[in-house]
Amino acid sequence: MSADSHPATPPPSTAIAAAITFAAVVLLAGFIALGTALHLQPLYAGFTLLWFWSSVDMSDLKKLPAAVIGALCGTATSYLVQFGTVTGNTGLVLLALGIIIVALFMVIAQRLPLFFNASYMLFVTVMNAPLIQAGENFANVFASIALSALYFGGIFFIGARIMASRAARVAAAA
């Protein structure tokens, strides 16, 4: 075992797993309802951010800003590809490709990680898929990412505050 590895955490009980699943379904349904009420389509970009932040960054609130900024920067780079292609502006497409090369270097060299990170690379990859490039409304994609950051980040922030308050009360009572 390496110095920075941790012993495996046992899996949750069936009841805990069911409760977590139920809570996740409620949160996801709330996001879909909110997005629908705001006439915001597509929501997949928001779900992609949620997946990245919850899976890769383990829902760490301190890592949310970099995940969001990386997602927005990756999406902006992909928009340059789309706009350049649609308008026949080869210069914009080449600029976007140059930015992607610089971003790859920055990720490898671990420079400017607030902007160039795994979230950037995920979003630049997903948003450059041909089906998405064929006619996606990038304004809605940006809005979906922002809504996801505010909605899920806000819920996790409130949850963390509640848990910290409860832990403080338990510690004070002991």
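Throughout, my numbering is defined as the position within the sequence shown, counted from one, plus 526. From the three backbone atoms N, C-alpha and C, an ideal C-beta is built for every residue, glycine too.
Legend entry - Unbroken stretches of the alpha helix (DSSP H), 4 residues or longer, contained in the region 618 to 678: As far as the region 618 to 678 is concerned, its whole alpha helix (DSSP H) runs of at least 4 residues are 644 to 653, 656 to 659.
Legend entry - alpha helix (DSSP H) segment containing Thr-601, residue limits: Looking at the DSSP string, the run of the alpha helix (DSSP H) that includes Thr-601 is 590 to 612.
Legend entry - Whole-angstrom distance between Tyr-646 and Ala-597, CA atom to CA atom: Whole-angstrom Cα-Cα distance: 5 Å.
Inset, instruction - Quick one: using the 10 Å Cβ neighbour count with 16 as the cut-off for buried, is Ile-627 buried or exposed? - result: The residue in question, Ile-627, is exposed, as its Cβ has fewer than 16 Cβ neighbours within 10 Å.
Inset, instruction - In the DSSP assignment, find the alpha helix (DSSP H) that holds Ala-550 and state where it starts and stops. - result: Where Ala-550 is concerned, the enclosing alpha helix (DSSP H) stretches over 540 to 563.
Legend entry - Buried/exposed call for Ile-671, threshold 16 Cβ in 10 Å: Label assigned to Ile-671: buried.
Legend entry - Selected residue, minimal CA-CA separation from Val-582, among Pro-656, Val-612, Leu-648: Each of Pro-656, Val-612, Leu-648 was checked against the Cα of Val-582, and the nearest Cα belongs to Leu-648.
Inset, instruction - Provide the residue span of the alpha helix (DSSP H) that contains Thr-574, from first to last. - result: Where Thr-574 is concerned, the enclosing alpha helix (DSSP H) stretches over 570 to 581.
Inset, instruction - With a 10 Å radius around its C-beta and 16 neighbouring C-beta atoms as the bar for buried, classify Met-527 as buried or exposed. - result: Confidence at Met-527 is low in this model, with a pLDDT of 47, below 50, so the placement of that residue is unreliable and no value is reported for it.
Legend entry - CA-to-CA distance, Ile-634 to Val-619, given in whole angstroms: Here the alpha carbon of Val-619 sits roughly 23 Å from the alpha carbon of Ile-634.
Legend entry - Environment of Ala-608 [buried if 16+ CB atoms lie within 10 Å]: Note that residue 608 is Gln in the sequence shown here, rather than Ala. By the neighbour-count definition (other C-beta atoms within 10 Å, threshold 16), Gln-608 is a buried residue.
Inset, instruction - Please say whether Ile-595 and Leu-657 have beta carbons closer to each other than 8 Å? - result: Not closer than 8 Å, so no.
Inset, instruction - With a threshold of 16 other CB atoms inside 10 Å of the CB of Val-612, please say whether the residue is buried or exposed. - result: Burial call: exposed.
Legend entry - Nearest residue (CA-CA) to Phe-664, options Gly-556, Leu-676, Pro-568: Nearest in C-alpha terms to Phe-664, of all of Gly-556, Leu-676, Pro-568, is Pro-568.
Legend entry - Residues of its chain near Leu-566, where Cβ-Cβ distance is below 7 Å and the 5 sequence neighbours each way are ignored: Counting only Cβ-Cβ distances below 7 Å, and skipping sequence neighbours, we find Asn-666, Ala-669, Ser-670, Leu-673.
Inset, instruction - Could you confirm whether any beta carbon from chain C is found closer than 8 Å to the beta carbon of Arg-695? - result: The chain inventory of the structure shown lacks chain C, comprising one protein chain alone.
Legend entry - Three-state secondary structure (DSSP) of Met-527: For Met-527, the pLDDT reaches just 47, beneath the cut-off of 50, and the residue's location in the model is therefore unreliable, although a value from the coordinates is still provided. Coil.
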